[in-house]
Amino acid sequence: HGNALRVSGDLPASEASFDLADDCWKRGAGGDPGQLLDGRRPLDLKASLLRQRGRFDEAIQLLDRALAASPPKAAARLLIIKAATYNRAGEYARALEVLDQAEPKIDERGERRLLWTHRFNRVNSWCHLDRFRDAEALLPLVEALSAELGNELDKQRTRWLKGRTCAGLNRWAEALAALSQVRAYFHDKQIAYDYALASLEVAEILLLNGRFQQVRQLAAEMSWIFEEQRVHKEALAALTLFCHAAEAEEAQAEWTRRLIKYLYRAQYKPELRFEP
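Whatever position you read off the sequence shown (first residue = 1), add 1 for my numbering.
This is the structure in structure tokens:
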């Protein structure tokens, strides 16, 4: 029940449900002497909630507890979740270290989605660290796996990685094509935060190429984000600065890049402020 509430976005109710489940589990532990119930699953589900709420240290502690009780076959998935947690915390080098630990434990034939998740997270970490040549080398495998698995959101997030990688390599036309498709998808699905990020990544490329009028138009298209109120207060304040600068044709590429990096860090840290 707690995980269903987490997925639906009701994080306070989800946390209360997990706390109740923890209490019931502890009180009922003596009734499972053969340990037939999997005690790791509640730990990693609650870790997902804590990660979503920006409580990364607590999430890592729970995942380490789950890992300590895991057979080798189950460890790969938990390690990938741990790496994703470090990614969201902005600790990209540590995420890569954990992905290195997970790699030999993955059954590449039998766990194709897990393999995609692992490779996706590796490329994502490299992009954040500006290691775009490394990202470029692995990206075709990530694309092939997402095509094989057939999940549309996975395909779009993979395309997003491609756009970011091409932008990092100054391949502007390819980057704009990929990022514009992703931006349209996020708008269609009303995924506000990711739409804002993809919009700014498009804007940075346009600014680098002196296309200020298009940046002004792009900023105008972002107005629904403010109307929907699906982005936290500090991020909205930062986006407002961008939209005002774009409207006056005063936005700059370097400043926009700093704003993009801030938004990635602040997605799960709503108290984090942007310093212009």
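For glycine and all other residues, C-beta sits at the position ideal for the given N, C-alpha and C. Model, not experiment: these values are computed from the prediction.
Segment contact flag, the segment 74-84 with the segment 258-270, C-beta cutoff 8 Å, min 3 pairs: no
Proximal residues to residue 183 (C-beta, below 7 Å), its chain only, five neighbours per side dropped: 157, 160, 161, 164 and 199
Other residues of its chain near residue 144: CB distance less than 6 Å, five sequence neighbours each side excluded: 159
Three-way DSSP call (helix, strand, coil) for residue 144 in this model: helix
Closer than 8 Å to chain B by CB, residue 263: Within the model displayed, chain B is absent; a lone protein chain is all it includes.
Rounded separation between residue 25 and residue 64 - CA only: Residue placement at residue 25 is flagged as unreliable, the pLDDT there being 44, under the threshold of 50; the coordinate-derived value follows with that caveat. C-alpha separation (whole angstroms): 20 Å.
Cβ-based burial, residue 154 [other Cβ within 10 Å; buried from 16]: exposed
CA nearest to the CA of residue 115, picked from 147, 265 and 138: 147
Residue from 217, 109 and 46 whose Cα sits closest to the Cα of residue 204: 217
Coarse secondary structure for residue 245, derived from DSSP in three states: helix
8 Å Cβ cutoff met for residue 193 and residue 264: no
Helix, strand or coil at residue 269 [DSSP, three-state]: coil
Proximity below 8 Å, CB of residue 271 to CB of residue 233: yes
Residues of its chain near residue 123, where Cβ-Cβ distance is below 8 Å and the 5 sequence neighbours each way are ignored: 97, 100 and 139
CA-to-CA distance, residue 239 to residue 55, given in whole angstroms: 19 Å
Sequence ranges, alpha helix (DSSP H) only - wholly within the segment 88-154, length at least 4: 93-103, 113-129 and 133-150
Short Cβ contact (8 Å threshold) for residue 266 with residue 111: no
Per-residue burial, residue 118 [other beta carbons within 10 Å of its own, 16 or more giving buried]: buried
Residue environment, residue 268, which counts as buried when at least 16 other CB atoms sit within 10 Å: buried
Supposed close pair residue 133, residue 169 - CB separation, criterion 8 Å: 3 Å
Buried/exposed call for residue 89, threshold 16 Cβ in 10 Å: buried
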